[in-house]
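A.B. asks: Protein chains in written order, with the working numbering: chain A, 1 to 317; chain B, 1001 to 1317; chain C, 2001 to 2317; chain D, 3001 to 3317.
We put the CB at the ideal spot given by N, CA and C, even for glycine.
The model shown is predicted, which means the values in this text are computed figures rather than measured ones.
Got a structure for you, written out below as structure tokens; questions coming shortly.
4 protein chains.
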Amino acid sequence: MIKKRKTAYKKEEFRDLGFGSKVASQRQRLINRDGSFNVERTGQSFFERFSPYHYLVSISWLRFNAFVVCAYLVINILFAFLYMAFGIDHISAEHTFFFHDFLNSFFFSVQTFTTVGYGRLNPTGDIESFIAGIESLTGLMGFALATGLLYGRFSRPNAKIIYSKNAIIAPYKGINAFEFRIANARDNQLIEVDIQVMLSMNDKSKGREGKRIFHNLQLERAKVTFFSLTWTIVHPIDNESPLNGMTEKELKEADAEFLILLKAFDDTFSQTVHSRSSYKYNEVIWGASFKSVYLDSPVGVSTIDMRIIHEIEKTEI
Amino acid sequence: MIKKRKTAYKKEEFRDLGFGSKVASQRQRLINRDGSFNVERTGQSFFERFSPYHYLVSISWLRFNAFVVCAYLVINILFAFLYMAFGIDHISAEHTFFFHDFLNSFFFSVQTFTTVGYGRLNPTGDIESFIAGIESLTGLMGFALATGLLYGRFSRPNAKIIYSKNAIIAPYKGINAFEFRIANARDNQLIEVDIQVMLSMNDKSKGREGKRIFHNLQLERAKVTFFSLTWTIVHPIDNESPLNGMTEKELKEADAEFLILLKAFDDTFSQTVHSRSSYKYNEVIWGASFKSVYLDSPVGVSTIDMRIIHEIEKTEI
Amino acid sequence: MIKKRKTAYKKEEFRDLGFGSKVASQRQRLINRDGSFNVERTGQSFFERFSPYHYLVSISWLRFNAFVVCAYLVINILFAFLYMAFGIDHISAEHTFFFHDFLNSFFFSVQTFTTVGYGRLNPTGDIESFIAGIESLTGLMGFALATGLLYGRFSRPNAKIIYSKNAIIAPYKGINAFEFRIANARDNQLIEVDIQVMLSMNDKSKGREGKRIFHNLQLERAKVTFFSLTWTIVHPIDNESPLNGMTEKELKEADAEFLILLKAFDDTFSQTVHSRSSYKYNEVIWGASFKSVYLDSPVGVSTIDMRIIHEIEKTEI
Amino acid sequence: MIKKRKTAYKKEEFRDLGFGSKVASQRQRLINRDGSFNVERTGQSFFERFSPYHYLVSISWLRFNAFVVCAYLVINILFAFLYMAFGIDHISAEHTFFFHDFLNSFFFSVQTFTTVGYGRLNPTGDIESFIAGIESLTGLMGFALATGLLYGRFSRPNAKIIYSKNAIIAPYKGINAFEFRIANARDNQLIEVDIQVMLSMNDKSKGREGKRIFHNLQLERAKVTFFSLTWTIVHPIDNESPLNGMTEKELKEADAEFLILLKAFDDTFSQTVHSRSSYKYNEVIWGASFKSVYLDSPVGVSTIDMRIIHEIEKTEI
């Protein structure tokens, strides 16, 4: 299960790595703790980069529901005016004052759009019947989008991984190691979990000042078959590690950031899920080790206390 | 098709392996025979680890249907009270005693929520019409979740693999081998089937008492292209096997458990499916071999008797 | 793009290979030309191996539609009797003779089940209203399955690969080669296409009479990046090939069958698709080569005549 | 992260590569800039190669919507005639002149097909009720296809990759390199991006005139973990490159085309996406380098100007 460490640590080349090399000067993180990216683009119009599906799937539930309700109101108001324009008397016998006519039009529109069609409000004119036919088609197609998005959002595969608040530099098998701890916050199981850790630092090579350099960190174990509780990820700082010989101060000067990508198969979703996070140099604690999360369980199942995943204790290094 | 046995058997490192190392003392299995896990977590609130989608997809059909019917009743009762609050006389002409008014409200709500809208019960007041408009929207969106989940559950990719009741230790090519047998219980075909077997034992290394150690077992064949009937999985106990030289008694003392993960592509679902199981030391029979499952078929197609997949016969080892 | 031929041809081990080893006596093919399997199982009850989803996705469109229509009729007839049992006079004012009452009940049931709810037939009694509420819920949930299956069947990822009627043994680079030709019958593109060819023969080793042996055939090219027209798959019969030195008669005696599995990514479905087929020894033509399928096109796009994919011409070998 | 360059550049074999070898004479590109293919097939009937799902998913939104509206009109007109044939007086009390009867039939059909069912138009005869029952079933199943396709099209996974207008031949680490630049036009992130570049040229080997030869180009980096902004793909023209020693004129004579396939995981869609493009010899600029796309950002996030992804400046080579 341990990925063989045959290949030596490779220094990444200095061409663009997806998110540019020109980020040294800013002392900002590339990936936020929640996995979102710190990038910004200009020179593209809104419509060039806007994807309605991406937008409607990514926004919060509050915004999504507000969007659905607004679209529902706007479409029905438009159709209501259309029915009024062609004569409200072909829909409702009671012909009273303007606002009430509009309301009747609006309610007829709602009853058509949702295909509830009680029948008291009822198109008797041909034009109204035709518009109502268009509206019920619009309603069925429109609700296909709304309900598809609703269920798509609800069933969207995602992992809920808790990353320990801090990473640590701890003694490990005679040398030191960079370590952090993750936990599966869900009651489900993740299968065939892969993890990649990259170290991003300022390049100190001549002529490359102000540019970033990226290293892949070799892990003690980069893959587990089952992940249902916790996992401590260990990068041993051996001779080949880019961290070898570095001090806490040098890490700060290099504006180091550890980028993490986790990939797993979720058994409930039957799909691959991803999780991202990062540790900045100031989130790495030198000389510490993680507290055990296992409890003595009387009943004989593995018990774990998720609260103490973040807890560390001081250690000599 | 046989995975090359180039790499030597690797001893897994002693950091957490997804499901902790601190499970030796309990003599419980890690994975149940049906593939579920024996783990428990504390220190997280219900809402932190609850995922409604995972819950509604995983519960039994009985519970799911009960959930849908209850939600249906509760929502309609709520709306029924709302209609009564704003005057039942705007929905039904017959204004009788309280309980019958409530029933009429409830039936109107049902007819609105499901968009059936017969029309005898019919909102004549503006507020009732407005609430009915909200209810039919709620109904369409709510049924999107219910029907999406129903179909999602129905079409959820899963494999139905039968694992032989016992694993065996049998003579194999001059040495012994750990073997078990699986069958595809479905009429469909599985393609590109991969299997992994892990051995979990108590660690006897100094200072590691009470911890578990995990070994990947090398298989004679770890992958088949087609799997439509049965497959006997064979781990030869050669010099590199962690089972090499172990006795039945030692296996018991080590509280050994063989963890199995099967991965395949299901042609009907067009998706990857997984199956898990495990054998405890006391489910391994020493000195036995599996009976042939093939029948002499007169008609000329491969015939297999699925009942005798579990049957073994004693053998000298 | 050519898979390196580093690893020597490996003789498959004699344990079960998904579809058993005991098929030599029957002179039947393992995989039919259309990709279905020639296997049969006994000893399992119908309900153990039946999966409703697999069944409803796999049956023909005719059977599926018949199933939907029958279920629609049966459910509505059941509800119709239920309404009659509780008094047809609570649904329709016209109370005539039995059969017409039943028809009214049935039509009311249909109008409830489909949520069309015109309103002439209309539940006036409380019990009828309640049953109607249950029926419209049943209808919405039932149609979720029916429409989900309908769309699932319609959008099910599948490849339409045409396999040349015959495989050939043709001269190739000084030696001979086993070759067959495939074409993409669709207007779409397949990406990253992988192909595996296995040779299944009677085992002539001592003590293994009547058993099958399986060989992976090494291909000149086992993977192409784009597959939009045709591809000739070539297995060179070199010293390491299991076909090396075999004659047409020996191939017949060994009851040889060439099993084929193709895997690709379909750009339209955005999913992986599979295709299977096989050639029996008597579908292999010795000393032939495929005719070119390319036409001289005046307009400057690659033109291919799909009809002549099966055409071969005699060649000396 | 750099794919090791162990394997030497391999000359592709001269059998069909998915899109034939006989395309040299035409001076046309194999892949258009938008990723579509330049191939044509004959000898297959329309129905052999037509797949309704592929068609309806691939056509433009305008055509799809027109298709839905037409199908809606045609089905309702057919049912309208059916209702008229069995007597319009069983649907509407008002029995006027022919065209108005047809309109009433049509509107009744629409109200049945969409299950809106107001109830003024209402089947009173048994045959009309039965046809209406069939029509509402047809409507529910038909809308399942229409709405499934609508949402399937809307949520179809696709990448929007901008390829630089030109590829360049630029000095690189003492030698030259073939380079092009891509950008992610979307606000989302692509994960684990793989890229393949193939060079297609006329074969100048004896006896192979008029045929194409394909080379895989080795890349400085063929895979990135995160791709949110831009990436410059570099093929160093070293001794093993098929471009080694070639001049601009020779590239033209060989009718060279660089084929590109990009594969990535889209975090929003939770699915694998592909993108294709190509550069013809005349789109390759010799002696040029790309302008930096990074801006000096005051706010401290990586800022990129997407407009200048295509911009190059002359360089000595």
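Beta carbon of D:Val3183, beta carbon of D:Ile3031: below 7 Å?
C.D. replies: What sits at residue 3183 of chain D in the sequence shown is Ala, not Val. It is not a contact, given that the beta carbons lie outside the stated cut-off.
A.B. asks: Between the alpha carbons of D:Leu3150 and C:Phe2099, how many angstroms are there, rounded?
C.D. replies: The alpha-carbon atoms of D:Leu3150 and C:Phe2099 are separated by roughly 43 Å.
A.B. asks: May I ask you to report which of helix, strand or coil DSSP gives A:Asn282?
C.D. replies: The answer is helix: DSSP assigns A:Asn282 an H, G or I state.
A.B. asks: Beta-carbon of B:Ala1144 versus every beta-carbon of chain A: anything under 7 Å?
C.D. replies: Yes, because at least one Cβ of chain A sits closer than 7 Å to the Cβ of B:Ala1144.
A.B. asks: If you measure from the beta carbon of A:Gln196 to each beta carbon in chain B, is any gap under 7 Å?
C.D. replies: No, no contact with chain B.
A.B. asks: Taking CB distances under 7 Å as the criterion, tell me whether D:Thr3096 reaches chain A.
C.D. replies: Not one chain A Cβ lies under 7 Å of D:Thr3096.
A.B. asks: Quick one: what's got a C-beta closer than 7 Å to D:Gln3026's C-beta in the same chain, skipping five residues either side?
C.D. replies: Because D:Gln3026 carries a pLDDT of 46, less than 50, the predicted location of this residue cannot be relied on, and no value is offered for it.
A.B. asks: Can you list, in chain order, the residues of its chain whose CB lies under 6 Å from that of C:Tyr2163, leaving out five sequence neighbours each side?
C.D. replies: Result list for C:Tyr2163: Ile2182 and Ser2277, in chain order.
A.B. asks: From the DSSP output, in three-state form, read off B:Pro1157 for me.
C.D. replies: Coil.
A.B. asks: For D:Thr3230 and D:Lys3160, I'd like the C-alpha separation in whole angstroms.
C.D. replies: One C-alpha to the other measures close to 12 Å.
A.B. asks: Hey, B:Thr1225 and C:Leu2261 are a contact pair by Cβ (cut 8 Å); roughly how many whole angstroms apart?
C.D. replies: That pair is a contact at about 6 Å.
A.B. asks: Run through DSSP, which three-state label would C:Lys2291 get?
C.D. replies: Correct three-state label for C:Lys2291: coil.
A.B. asks: Closer than 9 Å by beta-carbon distance: list the chain B residues that pair up with D:Gly3119, in chain order.
C.D. replies: Within chain B, the residues near D:Gly3119 are Gly1117, Tyr1118 and Gly1119.
A.B. asks: At a CB-CB cut-off below 8 Å, which residues of chain G make contact with A:Arg156?
C.D. replies: The structure shown contains no chain G; its protein chains are A, B, C and D.
A.B. asks: What do you reckon, are the CB atoms on C:Asn2076 and C:Val2110 nearer than 7 Å?
C.D. replies: The answer is yes: Cβ separation under 7 Å.
A.B. asks: Among C:Glu2250, C:Ser2270, C:Met2201 and C:Glu2240, which one has its Cα closest to the Cα of C:Pro2157?
C.D. replies: Answer by Cα proximity: C:Ser2270.
A.B. asks: Using CA atoms only, rank isn't needed, just tell me which of C:Asp2238, C:Phe2086, C:Gly2119 and C:Gly2152 is closest to C:His2054.
C.D. replies: Answer by Cα proximity: C:Gly2152.
A.B. asks: Pick from C:Ala2177, C:Ile2213, C:Phe2097 and C:Ala2085: whose alpha carbon is nearest that of C:Glu2128?
C.D. replies: Selected option, being the one with the closest Cα: C:Ala2085.
A.B. asks: For the stretch 177 to 204 of chain A, which residues have a CB atom closer than 9 Å to at least one CB atom of chain B, in sequence order?
C.D. replies: Hits within the stretch, in order: Glu179, Arg181, Ala183, Asn184, Ala185, Arg186, Asp187, Asn188, Gln189, Leu190, Ile191, Glu192 and Val193.
A.B. asks: Within the stretch 2086 to 2137 of chain C, note down every full alpha helix (DSSP H) run reaching 4 residues or more, in order along the chain.
C.D. replies: Runs of the alpha helix (DSSP H) inside the stretch 2086 to 2137 of chain C: 2098 to 2113.
A.B. asks: Which stretch, first to last residue, makes up the beta strand (DSSP E) that contains A:Glu313?
C.D. replies: Here the beta strand (DSSP E) through A:Glu313 covers Ile312 to Lys314.
A.B. asks: Given a threshold of 16 other Cβ atoms within 10 Å of its Cβ, counted over all protein chains shown, does B:Leu1062 qualify as buried or as exposed?
C.D. replies: Answer is exposed; the Cβ neighbour count stays below 16.
A.B. asks: Would you call A:Lys173 buried or exposed, if buried means 16 or more other Cβ atoms sit within 10 Å of its Cβ?
C.D. replies: So A:Lys173 counts as exposed.
A.B. asks: I want to verify the contact list: residues of chain A whose CB lies under 7 Å from the CB of D:Leu3150, in sequence order.
C.D. replies: Within 7 Å Cβ-Cβ: Met141, Ala144 and Leu145.
A.B. asks: Looking at the C-beta of D:Leu3103, does it have a partner C-beta in chain A at a distance below 7 Å?
C.D. replies: D:Leu3103 counts as touching chain A.
A.B. asks: Considering only their Cβ atoms, is the gap separating B:Pro1242 from B:Ile1175 smaller than 7 Å?
C.D. replies: No; because the gap between Cβ atoms is not below 7 Å, this pair is not in contact.
A.B. asks: When the Cα atoms are used, what is the spatial distance from B:Gln1218 to B:Glu1250?
C.D. replies: Going by the C-alpha atoms only, they are around 20 Å apart.
A.B. asks: How should A:Glu220 be labelled, buried or exposed, when 16 other C-beta atoms within 10 angstroms of its C-beta is the threshold for buried?
C.D. replies: Under this definition A:Glu220 is a buried residue.
A.B. asks: Run the CB neighbour count on A:Arg29, radius 10 Å, all protein chains shown included, and call it buried at 16 or more, exposed below.
C.D. replies: With 16 or more other Cβ atoms within 10 Å, it is buried.
A.B. asks: Listing by chain order, which chain D residues have their CB less than 7 Å from the CB of A:Phe37?
C.D. replies: Here the neighbours are Gln3189 and Ser3228.
A.B. asks: According to the Cβ coordinates, are A:Asn122 and D:Tyr3118 closer than 7 Å?
C.D. replies: Cβ atoms of A:Asn122 and D:Tyr3118: closer than 7 Å.
A.B. asks: Measure the C-alpha to C-alpha separation of B:Glu1257 and B:Arg1033 and round it to an integer number of angstroms.
C.D. replies: So the alpha carbons of these two residues sit roughly 11 Å apart.
A.B. asks: Would you say A:Gly133 reaches chain D, if we count a Cβ-Cβ gap shorter than 7 Å as a contact?
C.D. replies: Judged by the 7 Å Cβ criterion, A:Gly133 is in contact with chain D.
A.B. asks: Answer with buried or exposed for A:Asp255, where buried requires no fewer than 16 other C-beta atoms within 10 angstroms of its C-beta.
C.D. replies: It counts as buried.
A.B. asks: With a threshold of 7 Å between beta carbons, is C:Ser2021 in contact with chain A?
C.D. replies: Confidence is the limiting factor: at C:Ser2021 the pLDDT is only 41, short of 50, which leaves the residue's position unreliable, though a coordinate-based value still follows. No, C:Ser2021 lies away from the interface with chain A (no Cβ there is under 7 Å from its Cβ).
A.B. asks: Tell me, please, whether the CB atom of C:Thr2225 is closer than 7 Å to any CB atom in chain D?
C.D. replies: It does; some Cβ of chain D falls within 7 Å.
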